[in-house]
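Heads up: the sequence shown is residues 1 to 541, going by the working numbering. Even glycine gets a Cβ: it sits at the ideal position worked out from N, Cα and C. Take a look at the structure below.
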Amino acid sequence: MRVNKDHSSPVERLHAGRSRRIAALAVVLGLAACSESTPPIGTVGHVRGFAGLVAADEPRAAVVARDVLSAGGNAADAATALYYTLAVTLPSTASLGGGGSCIVHDAEKKTTEILEFPALPSTEAGQVTTAVPANPRGFYALHAKFGLMRFESLLAEPERLARLGTPVSRALASDLARVVPLLSRDPAARAIFFRPDGGILREGDILRQPELAAIIANLRRNTGDFYLGLMARDLVKSVTNAGGTLNLSDLRDFRPAWRDSLKIRVGNEIAHFAPPPSVGSTMTAELIGMVWPRWSNASEDERPHLLAEAQARAFADRPRWMQRNGWTTEAPGVLIAPEKLERLMADYTPDRHRSVSGASASPPDANASTSFAVLDGTGSAVVCGVGTGGVFGPGVVAPGTGIVLAAAPGPGAPPSVTTVMVVNPHTKRVHFAGASSGGATAPAALAETMLAALAGDQALAEAVARPRVVHLGTPDAAFVETGSYRLDPASLNRRGHQTGPVAMPSRVEALRCRDGMLQTPECEAATDPRGFGLATSVGKD
Numbered sequence: 001m002r003v004n005k006d007h008s009s010p011v012e013r014l015h016a017g018r019s020r021r022i023a024a025l026a027v028v029l030g031l032a033a034c035s036e037s038t039p040p041i042g043t044v045g046h047v048r049g050f051a052g053l054v055a056a057d058e059p060r061a062a063v064v065a066r067d068v069l070s071a072g073g074n075a076a077d078a079a080t081a082l083y084y085t086l087a088v089t090l091p092s093t094a095s096l097g098g099g100g101s102c103i104v105h106d107a108e109k110k111t112t113e114i115l116e117f118p119a120l121p122s123t124e125a126g127q128v129t130t131a132v133p134a135n136p137r138g139f140y141a142l143h144a145k146f147g148l149m150r151f152e153s154l155l156a157e158p159e160r161l162a163r164l165g166t167p168v169s170r171a172l173a174s175d176l177a178r179v180v181p182l183l184s185r186d187p188a189a190r191a192i193f194f195r196p197d198g199g200i201l202r203e204g205d206i207l208r209q210p211e212l213a214a215i216i217a218n219l220r221r222n223t224g225d226f227y228l229g230l231m232a233r234d235l236v237k238s239v240t241n242a243g244g245t246l247n248l249s250d251l252r253d254f255r256p257a258w259r260d261s262l263k264i265r266v267g268n269e270i271a272h273f274a275p276p277p278s279v280g281s282t283m284t285a286e287l288i289g290m291v292w293p294r295w296s297n298a299s300e301d302e303r304p305h306l307l308a309e310a311q312a313r314a315f316a317d318r319p320r321w322m323q324r325n326g327w328t329t330e331a332p333g334v335l336i337a338p339e340k341l342e343r344l345m346a347d348y349t350p351d352r353h354r355s356v357s358g359a360s361a362s363p364p365d366a367n368a369s370t371s372f373a374v375l376d377g378t379g380s381a382v383v384c385g386v387g388t389g390g391v392f393g394p395g396v397v398a399p400g401t402g403i404v405l406a407a408a409p410g411p412g413a414p415p416s417v418t419t420v421m422v423v424n425p426h427t428k429r430v431h432f433a434g435a436s437s438g439g440a441t442a443p444a445a446l447a448e449t450m451l452a453a454l455a456g457d458q459a460l461a462e463a464v465a466r467p468r469v470v471h472l473g474t475p476d477a478a479f480v481e482t483g484s485y486r487l488d489p490a491s492l493n494r495r496g497h498q499t500g501p502v503a504m505p506s507r508v509e510a511l512r513c514r515d516g517m518l519q520t521p522e523c524e525a526a527t528d529p530r531g532f533g534l535a536t537s538v539g540k541d
């Protein structure tokens, strides 16, 4: 027989039981409230603490990437969503018809790799020489290797923006205003980018692209079909009808490639650059290798001269190693070997300009690209540049697809992608990631930003806004920035430089985490104030 040893009265036992039930209910409700206060993964706001950084040339794309990070996606997820949004909001330089490259750092695997997917010329002949679309397969490869979220979920917002419409940003409006005669010649382009009254779309006008939305919807379901299936056949037919160049073999045979980076030591860190055919990145590596050892000891008065002299030597050296398609037969390490770079700077003098020998005509680098950088809360990062070989490429849209075709790279006009990522070799943490656009002016812009931020420890926004100087070797002149970020040429003139003012087309997007710390204010993002982009920190510490 069981004996009840509770000597309290029935009323006391009733109150005690009620109190226990109320306490238990409060715990359950508290847990439920906590659960409800944290949105599930895949929902904006899921990540409570620091979720990362984003910087891009177009604001809407940066916002989409920010939301992916906030929802629990990683850097590869955010970069994929960011690119596909750019394909909708900035097709002038980020069309599905173009190509590019990315530097990818994986915090878990502690690896830093280069993903190359250049827009190559078609093997087909036609009225307009167009490139093989490379971006869809490139970003699919990025996500397949490093992504966490479902690929189709990342393309949902870009598809929605294309289908329902999105306001034309200042960045796109600026590009549209530059190519009115070019786009007006193509019926498919006129149908998308012109107003009913015949004028070009302006900032704030709604850009609707239902045909592009249908393509993105198909890519969500099966990217392979774009290169091998029915969609590939339809695309070839559409490009051919538009006078462009493309065949099924071009699409079938295109493969993105994972490659090792070019490496330059900068203090205690290693700077990773994309190798050829990413000529802009290779040039930036040369500049950093030549200038970094001298930057800290150079006065502010000397630094424009130092940058100009290094650029002139790098551009004079470029024809020696670069083939007409941007590739090289030299081993990548030879291009940036310390002894080679020191030899190029052997005759440098801090107080006098020296003309370089061997410089050829100014390079005709494609001046139509866009770049972005993403860092997630775990320390993984992606920095990319993509381009179309010209603003809106040859000005042709493949009818029925909404895809702006990219111009095939011409001889001597290599891809204009310029990217860098700086990683500590011991902690494997990212300290800096940056990319720049602007053709031949891009390497100097990215190098100067990196030098000011890392060697000079300037705030990143100040580093990106520094006045710029460009020296292309030929003509033997230093071009100094004019406008809101004017560089006074006096220090260059005193050293014997011929100078001229120029509005710099270069645009830099950059991220920095001091000592690799994943928190604010140590982590900062900056967009170039010369452009119309957006940089943002995601979440709170």
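Among the options, whose alpha-carbon lies nearest the alpha-carbon of residue i?
i      : options                        : result
Asp225 : Leu248, Leu511, Asp347         : Leu248
Val396 : Pro187, Ala141, Glu157, Val44  : Pro187
Gly244 : Thr123, Phe432, Pro118         : Thr123
Ala455 : Ala461, Gly434, Gln323, Ser296 : Ser296
Ala162 : Gln311, Tyr140, Gly402         : Gly402
Ala232 : Pro475, Glu481, Cys513, Ala398 : Ala398
Asn218 : Phe151, Ala242, Pro521, Lys109 : Phe151
Ala408 : Gly539, Val391, Ala119         : Ala119
Ala368 : Thr388, Val383, Arg514         : Thr388
Ala189 : Pro394, His431, Cys523         : Pro394
Gly147 : Val356, Ser380, Pro338         : Ser380
Leu542 : Gly358, Gln209, His143         : With the chain covering only 1 through 541, there is no way to say anything about residue 542.
With 16 other CB atoms within 10 Å as the buried threshold, where does residue i fall?
i      : result
Asn325 : buried
Glu448 : buried
Gly533 : buried
Gly376 : According to the sequence as given, residue 376 is Asp; it is not Gly. The residue is buried, with at least 16 neighbouring Cβ atoms inside 10 Å.
Ala16  : Any reading at Ala16 must be qualified, since the residue scores a pLDDT of 42, below 50, and its modelled position is unreliable; the value itself is stated next. When all chains shown are included, Ala16 counts as exposed.
Gln127 : exposed
Arg66  : buried
Gly30  : Residue confidence for Gly30 is low, a pLDDT of 40 falling below 50, so the modelled location carries little weight and cannot support an answer.
Arg202 : exposed
Gly496 : exposed
Ile288 : buried
Glu211 : buried
Cys34  : Residue placement at Cys34 cannot be trusted, given a pLDDT of 42 that sits under 50; what the coordinates show is reported in the next sentence. By the 10 Å Cβ count, Cys34 comes out exposed.
Glu58  : buried
Ala271 : buried
Ser371 : buried
Leu176 : buried
Gly204 : exposed
Glu269 : buried
Arg137 : buried
Gly385 : buried
Gly500 : exposed
His426 : exposed
Ser92  : buried
Thr328 : buried
Thr38  : exposed
Thr349 : exposed
Val538 : buried
Asp250 : buried
Asn241 : exposed
Ser70  : buried
Per DSSP, residue i forms a beta bridge with which residues?
i      : result
Pro501 : Val480
Arg352 : Thr349
Gly387 : Gly99, Ser369
Leu511 : Ala433, Ala525
Val104 : Glu113, Val382
Val420 : Phe273, Gly434
Thr536 : Val54
Val470 : Phe479
Ala407 : Thr130
Ile206 : Pro167
Phe194 : Ile200
Open item on the list: Tell me whether the stretch 96-103 and the stretch 177-186 touch, counting them as touching only if at least three CB pairs, one residue from each stretch, are closer than 8 Å.
Closed with: no
Task: the stretch 331-339 in contact with the stretch 275-290 per 3-pair CB rule at 8 Å - done: yes
- [ ] Would you check if the stretch 167-175 and the stretch 423-441 touch, i.e. whether three or more CB-CB distances between them fall below 8 Å?
- [x] no
Task: the stretch 458-475 in contact with the stretch 504-520 per 3-pair CB rule at 8 Å - done: Because the criterion of three Cβ pairs below 8 Å is met, the stretch 458-475 and the stretch 504-520 touch.
- [ ] Note down, one range per segment and in chain order, each alpha helix (DSSP H) of at least 4 residues found wholly within the stretch 434-460.
- [x] 442-450
Open item on the list: Under 8 Å, with one C-beta from each stretch per pair, do the stretch 336-346 and the stretch 282-298 reach the 3-pair mark?
Closed with: yes
Open item on the list: Count Cβ pairs between the stretch 110-121 and the stretch 41-55 that sit closer than 8 Å; are there 3 or more?
Closed with: no
Open item on the list: Which runs of the beta strand (DSSP E) at least 3 residues long sit entirely within the stretch 229-275? Give them in chain order.
Closed with: 257-259, 262-266, 269-273
Task: Inside the stretch 297-358 only - beta strand (DSSP E) runs reaching at least 3 residues - done: none
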